[in-house]
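Residue numbers (UniProt numbering): 1 to 113.
As structure tokens, this is what we get:
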């Protein structure tokens, strides 16, 4: 069993509600793709896209009836993570609570392993 299978990525209830609100305004079949890519001030950063097609090896998560996709490479970096949504006075944003990250930048969108 791989690390990703032992500790899948999950979506918090707050994030699921926000994802449903966003995708309900998109064309039918729209899904949220979350990926890890090189960049940012700490080495890796999260990327969020709205897509209409999925890959065969995507991890598919349910968010109040809508799909969240994580590609197989990103799952390895995100194993055990929780996709959350924070709505605070200073702003609203998706946050990823990643137990694999050893450091993160101040804005919370990039991390290192």
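Think of the CB as a built atom: it goes at the ideal place given N, C-alpha and C, for glycine as much as any other residue.
Would you kindly check if the distance between the Cβ of residue 59 and the Cβ of residue 71 is under 9 Å?
Taking the chain shown and counting its residues from 1, one reaches residue 71 at position 71. Taking the chain shown and counting its residues from 1, one reaches residue 59 at position 59. Their beta carbons are under 9 Å apart, which means residue 71 touches residue 59 by this criterion.
Can you tell me which of 39, 76, 66 and 9 puts its alpha carbon nearest to the alpha carbon of residue 29?
Position 29 of the chain shown, counted from the first residue, corresponds to residue 29. Cα-wise, what sits closest to residue 29 is 66.
Identify, in the order they occur along the chain, each residue of the same chain with its Cβ nearer than 8 Å to the Cβ of residue 26, setting aside the five sequence neighbours on each side.
Position 26 of the chain shown, counting from 1, holds the residue named residue 26. For residue 26, where only same-chain residues beyond five positions count, the Cβ hits under 8 Å are 50.
Using a Cβ-Cβ cutoff of less than 6 Å, which residues in the same chain neighbour residue 74 once the five nearest sequence positions on both sides are dropped?
As a first step, residue 74 is located in the chain shown; it is residue number 74 there, counting from the start. Answer for residue 74: 35 and 36, listed in chain order.
Considering only residues of the UniProt domain "Core" (9-108), which uninterrupted alpha helix (DSSP H) runs meet the minimum length of 4 residues and lie entirely inside it, listed in chain order?
Those alpha helix (DSSP H) runs which fall completely within the UniProt domain "Core" (9-108) and span 4+ residues are 13-23 and 72-78.
Tell me, to the nearest whole angstrom, how far the beta carbon of residue 12 is from that of residue 84; I am working on the premise that it is less than 8 Å.
Your numbering for residue 12 matches position 12 in the chain shown. Your numbering for residue 84 matches position 84 in the chain shown. Indeed they touch by this definition, with Cβ atoms about 4 Å apart.
Whole-angstrom Cβ separation of residue 31 and residue 54, contact assumed at under 8 Å?
Within the chain shown, residue 31 is the residue found at index 31, counting from 1. Within the chain shown, residue 54 is the residue found at index 54, counting from 1. That pair is a contact at about 6 Å.
Could you check the C-alpha separation between residue 33 and residue 9 for me, to the nearest Å?
Within the chain shown, numbered from 1, the residue matching residue 33 stands at position 33. Within the chain shown, numbered from 1, the residue matching residue 9 stands at position 9. Whole-angstrom Cα-Cα distance: 13 Å.
Give every residue of the same chain whose Cβ lies closer than 6 Å to the Cβ of residue 23, excluding the five residues on either side of it in the sequence, and list them in chain order.
The sequence position of residue 23 within the chain shown is 23, counting from 1. So the qualifying residues of the chain are 30 and 66.
Closer than 6 Å by C-beta to residue 16: which residues in its own chain qualify, once you throw out the five before and the five after it? Chain order, please.
By one-based count along the chain shown, residue 16 stands at place 16. These residues qualify, in order along the chain: 63 and 64.
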